[in-house]
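Note that this note's numbering has the sequence shown beginning at 42, numbered continuously upward.
All C-beta atoms in this analysis are idealised placements derived from N, C-alpha and C, irrespective of residue type, glycine included.
Note that the coordinates shown come from a computational prediction; the quantities given were computed from them, not determined experimentally.
So the structure is just underneath, and the comments pick up after that.
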Amino acid sequence: MKDDLGLPLRTHGPETTNGYLLVIFLSTVLHSKIRSLLRDSKLRMSLQNILLDLSKIRKVVLRDGTTLTTEMSKKQRDIIKALGIKYKT
């Protein structure tokens, strides 16, 4: 898990250690949920590739408050659908 998050192993106090453990726990829960959803879907992609594809989606807020989202590829839309995420087109 450390390698996935790129977090340092050393901590400087109990609060930092607790925060680190919380991040690791939440990451594990999310990975488990995503894997479960993928197992139930028809997608046959690795979790790493899915996260890489989804990381390319960008949301931009302009000065006037308008929000723009980059256009999603078919692959990204399929992943979003398989994960049950609702989004505006």
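DSSP places Lys74 in the helix class (H, G or I) of the three-state scheme. The shortest C-alpha to C-alpha distance from Lys116 to any of Leu95, Leu103, Arg99 is the one to Leu95.
Residue pairing by DSSP puts Leu109 in a beta bridge opposite Val101. Assignment of Thr52 by DSSP, reduced to helix, strand and coil, places it in the coil class.
Comparing alpha-carbon positions, the option among Ser87, Tyr61, Lys97 lying closest to Glu112 turns out to be Lys97.
Assigned with DSSP and collapsed to three states, Leu84 falls in coil, not helix or strand. Closest option to Ile120, judged by alpha-carbon separation, among Asn90, Asn59, Leu67: Asn90. 8 Å or more divides the Cβ of Leu88 from the Cβ of Gly125.
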